[in-house]
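A short worksheet on the structure shown next.
Here it is, written out as structure tokens:
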């Protein structure tokens, strides 16, 4: 809302002269080579985080393998650019927490210790980490988007998220049989935008 | 200096669900109409089955102008108001009818006379304290011809339950009598809708398939729905959803009597010293225009209708257009004002396969809505319709409640959602909703839009009746789910409280008394004779169902009244 506050200072006439409407198409035109927002070190922390939210196990790929961190990285460079600064600060807070409690980088901690720290964040009891609870909730939410959203946005790699929950995929049209409770629709592993993920610059 | 345009017969401000309907009869009658719309045409090829695009990022719905005009909100006059949430408004040719669920209900006969009927049946103390409920200035039977007209002109699918008093248990036997059936059968039955129908019947209720402004078969040369499951907050990629974008507006354009000024933002409605409106000013491409007109019809969203009137001050209307009785902004209410969060979700021991479909592919029960049951001793009037729907998106499905069976993350969570993401369903509880003295709209003293005009401020205090109504209906919904074989049911009884609403009503209420209402039964101002208002902002009490069809029937009626009385009004 910062732009709005600035514009309050402008005169009505000046604003009229500059007011333009951005066509929806301009907002939807995703870059062909998606930009990213996080450094390799920040990605490492984030992956160590989302890896515990949805681990790889006998049920299949976890959040990391699905590209959830990749989804978040792209989103922070694009639709969520306004929250990039806070997000990066919070990742730094995770590192500070890991170092102050265990003297190690978060990503180098064992799964059990990472779970312990994440639990303290989830409960809001992580020492010296204000807003830990909100950040935990935000990462969890974005991880779900990255696991179960369209692969076009860089997550849900190989449709593993959709396969996990047995979502049969976005078809442009469905038959009555596709809505049957007895014989569910067969998986249709396609993005709404074509075959799958748009590759990263990285 | 603004550019003066050539005078026209009628200006319609906003080409959404209401204005988009009214332009058709006006243009057909040969009146020269200019529709001024802040958005423009949307391209159906850009509507995608994409949850991130539609639901997570709101890229169909949250367009730039509306985003800058989100009302502020507070729950009492002592509090600061804060801007927040997603904009319920939308700027596009077709407006919110592009992305709505297209549930197209008629209101019940009771909805038009809540006050007199409640007093007659339960006594004067039954009227909830603090409300300003009045009977509508027209009855259901006055509006019935227009409901019928819209159902056929726009296209509504459904099955009649009451044709001129002859009841058909396959439809809604609680509906008010209609002159004939729907032009199309209901959206297709599925295993899930069959299951929910059967269980409701088992406990003695009368479930039915709800009406939808979605083609169930080819209608007016547009195809039937293909149920791909991205109707909510998305546009229809095959134009089977009967938005005014693909129905009445293109028809009106064909007459050559409708000119659309798109990407144009109306800033003021102008009136002369005698109190007649003379036209509107709008900004397009950085230039300010004055569009003179013999008649102006205001058809933006509920919040914007009141805001534009309050901003349009003049010698004749020092407190805002048509506000010399101080009624603009009063009698406002949102459908979920006191019941937000009222809901029930259920977990079943088998896959429901409700991924595909449409919200409007629903099963509804009206037993507990309106005055369909005896309220003696219950402490409230009205009730709620309860409904289950198809159309579940994967992120939403995985964001499920774990019903106390699993943590929120980790391997146990993963195993839980694998099993259960496709086995749960939520419900849709919609209350009859009433105006209260503690709930109103005005201009925010601090927050302004990019033009420097204050945004609308919502003040919404506590309500007496609606939380009790919602609670009653929540219990019934729980009963229905249990009768269907749900293993776990979670009912939210700690209502989240009020907020901005996609079903917002009032602010320019319609009624016979000019001291308590802004417009008369025809939608025309009690003060400015050549000025009318379209939309839910004229509705004084809300039915227990989605308002759009009623809004559209009223809009057509206003247009027809204008045509018949052109000489005296213009």
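Protein chains in written order, with this note's numbering: chain A, 28 to 229; chain B, 221 to 790.
Using N, Cα and C, we set each Cβ at its ideal position, and we do this for glycine too.
- Out of B:737, B:534, B:237 and B:498, the CA that lies nearest to the CA of residue 227 of chain B is found in B:498.
- The C-alpha of residue 371 of chain B is placed about 24 Å away from the C-alpha of residue 726 of chain B.
- By alpha-carbon distance to residue 156 of chain A, the top candidate from A:61, A:204, A:205 and A:121 is A:121.
- Beta-bridge pairing by DSSP links residue 489 of chain B to B:500.
- When DSSP assignments are scanned along the region 558-602 of chain B, the uninterrupted stretches of beta strand (DSSP E) that are 3 or more residues long and fall wholly within it turn out to be 563-567 and 582-585.
- Distance from the CA atom of residue 494 of chain B to the CA atom of residue 168 of chain A, rounded to whole angstroms, is 57 Å.
- With respect to residue 589 of chain B, residue 394 of chain B sits close: the two C-beta atoms are nearer than 9 Å.
- Residues of the region 430-454 of chain B whose Cβ lies closer than 8 Å to any Cβ of chain A, in chain order: 446, 447, 448, 449 and 450.
- DSSP, reduced to helix, strand and coil, places residue 764 of chain B outside both helices and strands of the structure shown, so it counts as coil.
- Sequence-ordered contacts of the region 193-211 of chain A with chain B read 193, 194, 195, 197, 198, 199, 200, 201, 203, 205, 206, 207, 208, 209 and 211 [C-beta pairs closer than 8 Å].
- Chain-ordered listing is empty here: chain A has no CB closer than 8 Å to the CB of residue 286 of chain B, the nearest sitting near 11 Å.
- The secondary-structure analysis by DSSP pairs residue 347 of chain B with nothing; it has no beta-bridge partner.
- Contact between the region 334-342 of chain B and the region 372-379 of chain B is absent, with fewer than three C-beta pairs closer than 8 Å.
- A straight-line Cα-Cα distance of about 22 Å links residue 283 of chain B and residue 554 of chain B.
- Listed in chain order, the alpha helix (DSSP H) runs fully inside the region 648-719 of chain B are 686-703, counting runs of at least 4 residues.
- For residue 421 of chain B, the uninterrupted alpha helix (DSSP H) segment begins and ends at 411-422.
- Residue-level contact check: residue 292 of chain B does not touch chain A, since none of the beta carbons of chain A fall below 9 Å from its beta carbon.
- Sixteen is the threshold: when 16 or more other Cβ atoms of the shown chains lie within 10 Å of the Cβ of residue 416 of chain B, as they do, the residue is buried.
- By the 16-neighbour rule on beta-carbons within 10 angstroms, residue 203 of chain A is exposed.
- Using a Cβ-Cβ cut-off of 9 Å, residue 148 of chain A does not count as an interface residue toward chain B, since no Cβ of chain B sits closer than that to its own.
- Taking a contact as a CB-CB distance under 8 Å, the pair residue 577 of chain B and residue 622 of chain B does not count as one, their CB atoms being some 24 Å apart.
- Going by C-alpha positions, residue 685 of chain B is about 6 Å away from residue 348 of chain B.
- Judged by their CB atoms, residue 650 of chain B and residue 605 of chain B are nearer to each other than the 9 Å cut-off.
- Residue 460 of chain B: not part of any alpha helix (DSSP H); DSSP gives it neither H nor E.
- In the structure shown, residue 517 of chain B adopts extended strand secondary structure according to DSSP, grouped into three states.
- Look at residue 140 of chain A: its C-beta is not under 9 Å from any C-beta on chain B.
- Listed by position along chain B, the residues whose Cβ is nearer than 8 Å to that of residue 82 of chain A are 630, 631 and 634.
- When rounded, the separation of the alpha-carbon atoms in residue 634 of chain B and residue 173 of chain A is 14 Å.
- Note on geometry: alpha-carbon atoms of residue 567 of chain B and residue 81 of chain A lie some 22 Å from one another.
- Going by beta carbons, residue 541 of chain B and residue 744 of chain B fall outside the 9 Å limit.
- DSSP places residue 512 of chain B in the strand class (E or B) of the three-state scheme.
- At a C-beta separation below 9 Å, residue 572 of chain B has these neighbours in chain A: 208.
- With a threshold of 9 Å between beta carbons, residue 271 of chain B makes contact with chain A.
- Under the Cβ distance rule, residue 216 of chain A does not count among the residues neighbouring chain B, no pair being separated by less than 9 Å.
- Between the region 288-301 of chain B and the region 317-325 of chain B there are fewer than three C-beta pairs closer than 8 Å, too few to call the two in contact.
- Setting aside the 5 residues that flank it on each side, residue 537 of chain B is surrounded in the same chain by 491, 495, 543, 544, 747 and 748, each with a C-beta closer than 8 Å to its C-beta; the list follows chain order.
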